[in-house]
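Residue numbers (our numbering), protein chains in the order written: chain V, 1 to 118; chain W, 1 to 606.
Where is the CB? At the ideal position from N, CA and C, for every residue including glycine.
These numbers were taken from a predicted model, which means no experiment stands behind them.
Heads up: the structure comes next, in structure tokens.
Now the structure itself:
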């Protein structure tokens, strides 16, 4: 069961997940349709080997296994699947060092995107 | 089934209590295959598995569908794609084909030579011995897949059973392992391997799909009656793979407690008085999923030989009915037996299946033997067996040592010789007349194959799984890097330290690192989990010393630990016992040992 990156990643784009992914299956969008594909990372569902190494690396807690994606983020599963269909518009993301958020920032980001249960 | 389930656990999705709608995609695919004949596509259409194999053979397709992949595993086939250095799957579509070789890994010379030929004709010129006494062929191309299976099944049954790939993978009983010296041990020759053969036969898939798809003759005539009947498994087979092993009172190389079901003959006055029954072991886990873990099999008691087949069948049936079928991570028997409760399982085995499980104290486990070098064989006293170390089980003609050529030459030259694969991924050449001893040594030497004392203690029990670039599950390298790590230890003057080091590229742990004295499991890109403290007799799991180490740190830690086994171990304890008894803080304070920082923290600082 592949993993999914949700909108909690938008504009945060920490690449801790990229640094551990053993199959380089985490992409950024490089196409023109920025409206539908926001500035976040995406997991290619066919390339993901279900190892789960990425999940604890995300300081924003944005990564979920598909069946566990919160209801408010369910649409993001389909966005991740677009990496499979629109292969030319995605590029494997490189690792860059970024500052980690504070617990308050993480909580505020969840509220911002409508997730109150986490 | 009248088992009282532990109400604290979330309700499992099982065959006995749930509908197919609640089960996983794999369960849907298994059921709708109607005995491994059909593949259901995501659009709801249906085609035969045979049609996908034909498309491969005709070069109309590069590989098989993701749905067919799940079916193909039951035929001993893994769909793969070659991975580049970073681990990405960008290379050619390839297949791995695994030969099942039950009950002690025994092959006749004719069978070995046929497999050796297959390595040239269909694979990458190597035979990969597995930790379950099987043989894998890597880099099999789609167009040659059917021909490979036909070759492996053809006419090589001269020791009473055929070489086959059926059931080598998939949700069935995998290769039934047994001590490779069960009947060779000069002090105590036994015939548990005969039982292991019976078990393998009993739990082999019965559907004729394999025969219809791969082995029909050139005119399409079938070699087996058409049948989709699976009297034990049913149409959904088991929830996950199932592993059975037989140890010998002097040899636990099968790592009994890592098996779903394990049997140890108990001997009094040279007579077997029963078999200790262990149930619910398994090494696989998933990183960061706390509900998954390696677990040692539990001693249920003692059973008599006449009921071993019944006990195996009963356990498989309970697992078929009660095993989890939605979450495959919770589906192994090791989780089912703990969810149901050991006492409840014993009660069902006794009352429903009539298995007389005697309550008895477990006999001591024997050590994990390496079998290497010369040993006198049971029998007339004039025959020997020779254990030949095969680094990581890769039988290939390397520039440094020509393993394939040496083995072939010996097998072609000595009448009556046999060959066996050990659970340490090594080879045993058996039934060698004493007069041929010098010939064997000379042949190995001529091909620069290290033998006997030429294999240092550091390497005798070391092993790794294939991992990258072929295994689709691997998170790191294993087989490709362990030789380099061992060479570093040798350069540090540690070649004579007797320690079991095992390495796996992912936590599925095919090479059993969790029971090693020093175990390494791939975590992510250039990240490894390092464990210490497994026991020489396989009775204890290693504990995690470092949850994450980069490669350079890992090599430092291996040096530090191995040196400590030699220099800081005044009682001369076995390496695993020494590492088990020494606190983490003491081990981490040794020279060469990394700090407790994780590799991620180190990377962030850099």
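C-alpha of residue 295 (chain W) to C-alpha of residue 438 (chain W): approximately 45 Å in a straight line. Here DSSP, grouped into helix, strand and coil, assigns residue 80 (chain V) to helix. Of the candidates W:127, W:592, W:508 and W:574, W:592 places its Cα closest to the Cα of residue 558 (chain W). Following the DSSP letters along the chain, one finds residue 136 (chain W) inside the beta strand (DSSP E) bounded by residues 135-140. In terms of beta-carbon proximity, residue 550 (chain W) stays away from the interface with chain V, with every pair separated by 7 Å or more.
Nearest CB-CB separation between residue 470 (chain W) and chain V: not below the 7 Å threshold.
Remark: C-beta atoms of residue 177 (chain W) and residue 132 (chain W) approach each other more closely than 7 Å. Within the model, the alpha-carbon separation for residue 377 (chain W) versus residue 419 (chain W) is close to 14 Å. Identification of residues in the segment 28-60 of chain V having a C-beta nearer than 9 Å to some C-beta of chain W yields 46, 47, 49, 50, 51, 52, 53, 54, 55, 56 and 57, given in sequence order. Under the Cβ distance rule, residue 14 (chain V) does not count among the residues neighbouring chain W, no pair being separated by less than 7 Å.
The closest CA to that of residue 173 (chain W), considering only W:464, W:395, W:153 and W:103, is found on W:103. Annotation: residue 325 (chain W) is outside any beta strand (DSSP E) and is labelled neither H nor E by DSSP. Under the 8 Å Cβ criterion, the segment 518-531 of chain W does not count as touching the segment 273-284 of chain W, having fewer than three qualifying pairs. Linking residue 410 (chain W) to residue 440 (chain W) through their CA atoms gives a straight-line distance of about 7 Å. By the criterion of at least three beta-carbon pairs nearer than 8 Å, the segment 343-363 of chain W is in contact with the segment 300-311 of chain W.
For residue 2 (chain V), no CB of chain W lies under 7 Å from its own CB, so it is not counted at the interface with that chain. Take residue 401 (chain W), set aside five residues on each side of it, and the residues of its chain with a beta-carbon closer than 6 Å to its own are 448 and 449, in chain order. Distance between residue 103 (chain V) and residue 40 (chain V), taken at the CA atoms: about 20 Å. Judged by DSSP secondary structure, residue 254 (chain W) falls outside any alpha helix (DSSP H); it is assigned neither H nor E. Taking a cut-off of 8 Å for Cβ pairs, the segment 54-64 of chain W and the segment 135-149 of chain W touch, as three or more such pairs fall below it.
One Cα belongs to residue 22 (chain V), the other to residue 357 (chain W), and the distance between them is close to 46 Å. Note on geometry: alpha-carbon atoms of residue 259 (chain W) and residue 575 (chain W) lie some 23 Å from one another.
Taking the C-beta atoms as reference points, residue 237 (chain W) is found no nearer than 7 Å to residue 187 (chain W).
Remark: C-beta atoms of residue 20 (chain V) and residue 55 (chain V) do not approach each other more closely than 7 Å. DSSP places residue 430 (chain W) within a strand segment (E or B) once states are collapsed to three.
For the C-beta of residue 101 (chain V), not a single chain W residue is nearer than 8 Å; the gap to the nearest is close to 14 Å. Here the alpha carbons of residue 273 (chain W) and residue 105 (chain W) stand approximately 25 Å from one another. In the DSSP assignment, residue 543 (chain W) is bridged to W:532. For residue 105 (chain W), the uninterrupted alpha helix (DSSP H) segment begins and ends at 102-105. Residues of chain V whose Cβ lies closer than 7 Å to the Cβ of residue 87 (chain W) are, in chain order, 22, 23 and 24. Counting C-beta pairs closer than 8 Å gives fewer than three between the segment 403-417 of chain W and the segment 233-247 of chain W, which falls short of the contact rule. Residue 321 (chain W) and residue 15 (chain W) have their C-alpha atoms spaced approximately 5 Å apart. Around the CB of residue 84 (chain V), fewer than 16 other CB atoms lie within 10 Å, so the residue is classed as exposed.
Under DSSP, residue 173 (chain W) forms a beta bridge with W:242. A direct Cα-Cα distance of roughly 25 Å separates residue 338 (chain W) from residue 68 (chain V).
Secondary structure of residue 276 (chain W) (DSSP, three-state): strand.
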